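Reading the sequence shown from the start, the letters are residues 980 to 1491 in the numbering used here.
Glycine included, every Cβ here is placed at the ideal spot set by N, Cα and C.
Note that the coordinates shown come from a computational prediction; the quantities given were computed from them, not determined experimentally.
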Amino acid sequence: MTRQNVTINHTDAYDTTTSVDDRLSQLRDVNESLIMAALRAQTAADQTERLLLEVSRVSGLDDLTHLANRALMFDRFAQAAAMASRHNTRLGVVFLDIDHFSQINETFGHAVGDEVLRRVASSLLRNTRGADTVSRHGGDEFLILLTDLDDLDALPPITAKITKALRTPLVIDGFTIHLSASVGISAFPDDGRELLTLIGLADVAMYHAKRRGFGGVVFHSDISRDEESPARLTPEPDWHALSEIDLPDDSDLSHLPPLQAANEQLLLTALTAQSRIEEVEGEQRRQTDFMGVLAHELRNPLGPMRNVAAILPMIFPGNPALTRLQLVIERQVTHMTRLLDDLLDVSRISTGKLRLMTALVNLVDVVTSSALACQPTIEARHHTLTLNLGVPTAMIVGDPIRLTQIITNLIDNAAKYTPDNGAIGLRLESDDTYVKITVSDNGIGIAEEAQARIFGLFEQEARAAGFSKAGLGIGLSIVRDLVNAHGGSIVARSAGVGHGSAFILTLPLDKA
């Protein structure tokens, strides 16, 4: 009974006796559906753009405290320093460290510790001026950029207000917590003109404040006059003077003021570099996570678009214009799907979530099926693809889906960067240990300086990006990571611009 109903409905829908008005009504419905799908896709694109702008804005803030992060602080300093130089004013860089913060975490737990940091951030914002910038430098350390100072006499009242406010007891989850903070201060341009230098000097001053007693404030300019402190740290130690000091072999070099200055400078440089590395790695992780979320969200509109394309020939059979439209939609949806899948793979690889479903695989079969899958791309560009399979079998242990992805990416890459009517070759050869696959083309080639970085994420030679607009510069990066996951290696070879290229993939054979 169900089959009869379907047949009757199908027949009625396309019966030759159907009126012209009915067909026009159907056409209007289809057009309306296409327009609505286009509007939804545009809405999704607009939402994505707004999300990207929001992420760009928020990326200047610390995740926990919502204070400016280091990158934003450097940007604010550059602007403030230019203004101070123009108007002959000064800037203050305040380095603030919460005393005994590790004990707070150990005693009350990290959740309470995080809340303490948020309360400290709020207090700093309340007790500084609107033109000043407060940032979280890392852990329990904060930086404050004080701007538009006519002279340095304005600094002590501001820092006194800040430290007094921090001494107000905090009540969190029923616990009463007493805080103090040690503060070091440097000034622009008196102590230096670069923010890294000023941060380092303020950091040294802060440690002098801790040695005096917790909760103190020390100006870097006062360190050299402190009888209990070592000699003043200079931004650039006098290395020439150090080289001229004549010392016996068993001398205690640490007592020499110039050498102590050099050691402190080296320590500050190392700490700053390590902190910067951790910050960059954190930003990369956040960007990778965002790409994964974005790829998932952008995949949602593709399903309805693919469905609309599939039903077009069912509604209007035999219409060549709609057939061409269907092919265009399906081709673009497939292209978008591959781009988004690549973004998801980048996210999985970067976060260590990529899993290989390995089995014993004949790589010859993988190469053959990959070549067939790429045939539409080859034909669209009027290329010639030649396979040279030197062996009937090449058994390896690998993930057949990911191996197919590797080969198709390499063939597509060759097709993409080869002018129409080009020649692409795929050669497979093996010995007792390894199998080698070479994908070559007579395309635009690779400049010598670009060959070393071609497998980098989002790396695209400017000339290549101009030749082919399709791609994000992530395909070869994914290929490299997938090859590495299979215990193999891949290299790119090219005689230069206009001389084509070759990608040589090597994978270990199964030894069983």
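A Cβ-Cβ contact shorter than 8 Å links D1119 with I1077.
Residue environment analysis places H1157 among the exposed positions, since fewer than 16 neighbouring C-beta atoms fall within 10 angstroms of its C-beta. Pairing R1097 with R1191, the inter-Cα distance amounts to about 27 Å. Judged by their CB atoms, L1339 and M1374 are nearer to each other than the 8 Å cut-off.
Closest option to L1484, judged by alpha-carbon separation, among D1411, G1297, L1389: L1389. If you compare the alpha carbons of Y1396, I1123, I1083 with that of V1113, the shortest gap goes to I1123.
C-alpha of D1129 to C-alpha of V1072: approximately 15 Å in a straight line.
Three or more beta-carbon pairs separated by less than 8 Å link the stretch 1344-1363 to the stretch 1379-1397, which places the two stretches in contact. Contact between M1293 and I1308 does not hold, since the beta-carbon distance rounds to 14 Å and is not under 8 Å. Between the beta-carbon of V1183 and that of L1075 there is about 14 Å, and that puts the pair past the 8 Å contact cut. If you draw a 10 Å sphere on the C-beta of F1482, you find 16 or more other C-beta atoms in it, and that means buried. The C-alpha of L1070 is placed about 21 Å away from the C-alpha of H1187.
Cβ atoms of D1170 and L1180 come within 8 Å of each other, at about 5 Å. Nearest C-alpha to A1139 among F1198, I1423, L1177: F1198. Scanning L1145, H1089, F1154, A1047 for the CA closest to the CA of D1111 turns up A1047. Ranked by Cα distance from T1397, the first of R1381, T1086, A1063, V1476 is V1476. Note on R1108: under 16 other CB atoms within 10 angstroms of its CB, so exposed under the neighbour-count rule.
For P1487, the uninterrupted beta strand (DSSP E) segment begins and ends at 1480-1487.
In this structure L1366 is exposed. Its beta-carbon is surrounded by fewer than 16 other beta-carbon atoms within 10 angstroms. F1080 carries a helical assignment under DSSP once its states are collapsed to helix, strand and coil.
Annotation: the continuous alpha helix (DSSP H) that includes H1066 extends over 1049-1066.
Under the DSSP assignment, N1392 falls outside any beta strand (DSSP E), being part of the alpha helix (DSSP H) whose first and last residues are 1379-1395. A residue is called buried once 16 or more other Cβ atoms fall within 10 Å of its Cβ, and S1064, having fewer, is exposed. Judged by their CB atoms, L1407 and V1370 are nearer to each other than the 8 Å cut-off. Using a 10 angstroms sphere on the CB of I1380, the tally of other CB atoms stays under 16, which defines it as exposed. The straight-line gap separating the alpha-carbon atoms of N1341 and H1116 is approximately 54 Å. The alpha-carbon of L1134 is positioned some 51 Å away from that of F1434. Looking at the DSSP output, A1431 bridges to nothing.
For I1156, the secondary structure class from DSSP, reduced to helix, strand or coil, is strand. T1086 is classed as exposed because its beta carbon has fewer than 16 other beta carbons within 10 Å across all chains shown.
Note: Y1413 is bridge-paired with P1487 in the DSSP secondary-structure output. A straight-line Cα-Cα distance of about 18 Å links R1146 and D1093. A Cβ-Cβ contact shorter than 8 Å links A1160 with T1142.
Between A1394 and H1362, the gap from beta carbon to beta carbon is short of 8 Å.
Excluding sequence positions up to five before and after G1467, its CB lies within less than 6 Å of the CB of T1485, L1486, all in the same chain and listed in chain order.
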